[in-house]
Every structure is written in C-alpha cells, then in structure tokens.
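Here the structure is laid out as structure tokens; the discussion comes afterwards.
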Amino acid sequence: MAEYTTMHAEGAINIPLDVFSDEKLTPYRGNGPIVLLCQGGFRAKTACQKLEDTTNVLIVEGGTQAWEAAALPVVHGKATISLERQVRIIAGLLVFLGVCFGFFVHPAGLFIAGFVGAGLTFAGITDTCAMAILLAKCPWNQT
751 MAEYTTMHAE GAINIPLDVF SDEKLTPYRG NGPIVLLCQG GFRAKTACQK
801 LEDTTNVLIV EGGTQAWEAA ALPVVHGKAT ISLERQVRII AGLLVFLGVC
851 FGFFVHPAGL FIAGFVGAGL TFAGITDTCA MAILLAKCPW NQT
C-alpha cells in the first residue's frame, strides 16, 4: 500500500488486509510477538479478528503515527497521498460535480451528491469505507 511506502515501522512486512490470514503469518510465528500495525489502527484490529490464534499478537493503538510519535524506528520512503485523503478528494469532487450537473444539466445529478453523502454517512457509522477499499486496489496504491 502507498501508506507503507511513505512510512512504516522498521522491520515491518506489508500484508494487505484483503489477503491477510494465519497462513501469511506462519513464517513469523515463534520469533517473538507479532505486531499488527497500520496507519491509524483500524485495519490492524480488523486483521486481528481474521486470526484464529491471537496469542502473542499485539496491536499498536494509533498506528504508525503513534509508533513514530513514541520515537520508535521508522523507514521513510516516497511521499504519497494517503488513502484517507484520496477518499476525501474523490468524494468532494463527486459531490461538487453532482451538484453542478444537477443545477446546470438535469436535476437527477443531485442523486450523485446524495449517494456520496449517504456513503460517507454509512462509512462514518460502520467505520468501513467501500471507496477506500476500491482505491486500495488501484495500481498507484500498490507497492
């Protein structure tokens, strides 16, 4: 993921959430605790829920930013636009275009803005975002 390329904990291994499983961690078990870490902490919790064996697994609350704030070693790479910012940019652009289309071309364009607003509300309530999941699969967000 682009977030991993931008900054990650020293020694971290990137396993995307959509392929994360116990089998992926097998080579690393027995070498001390497995630390699950993502940018903000949510995906690490989701990854932990996918595991059958959670013994010797730690989740870093606050994610990579908290790791860096604690003065723990990080690797800085090429700066990229975070997934969260990409979602904000695209959602804002869709709302803007929907309103413009609805005002200047056809009132049905307002449904685009309404649909994005409903999606953002759902994302806020459930703490999951379909747009972020889709964006994470885009080539520019792959390492």
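Numbering of the sequence shown is given in my numbering, commencing with residue 751 and proceeding in unit increments.
Beta carbons are placed, not taken as given, at the ideal position from N, Cα and C, and that holds for glycine.
Asked: M881 versus V837, I784, F854 and E811, residue with shortest Cα-Cα distance; Found: V837
Asked: Continuous alpha helix (DSSP H) assignments of at least 4 residues falling wholly in the stretch 817-869; Found: 833-854
Asked: Alpha-carbon spacing of A762 relative to F872, whole angstroms; Found: 32 Å
Asked: Spatial distance of L870 from T805 (CA atoms); Found: 35 Å
Asked: Beta-carbon gap between L844 and G852 smaller than 7 Å; Found: no
Asked: CB of V807 within 7 Å of CB of I831, strictly; Found: no
Asked: Check whether M757 and T814 have beta carbons under 7 Å apart; Found: yes
Asked: Helix, strand or coil at E784 according to DSSP, with G and I counted as helix; Found: It should be pointed out that residue 784 corresponds to Ile in this sequence rather than to Glu. It is a strand residue.
Asked: Three-state class that DSSP yields for V769 in the structure shown; Found: helix
Asked: C-beta contact flag for V825 and W817 at 7 Å; Found: no
Asked: C-alpha gap between P889 and V769, whole angstroms; Found: 16 Å
Asked: Whether Y754 touches N764 by CB criterion (7 Å); Found: yes
Asked: For A759, three-class secondary structure by DSSP; Found: strand
Asked: Beta-carbon contacts of G867 that lie in its chain and below 8 Å, excluding the five residues immediately before and after; Found: V845
Asked: With 16 other Cβ atoms within 10 Å as the buried cut-off, status of C788; Found: buried
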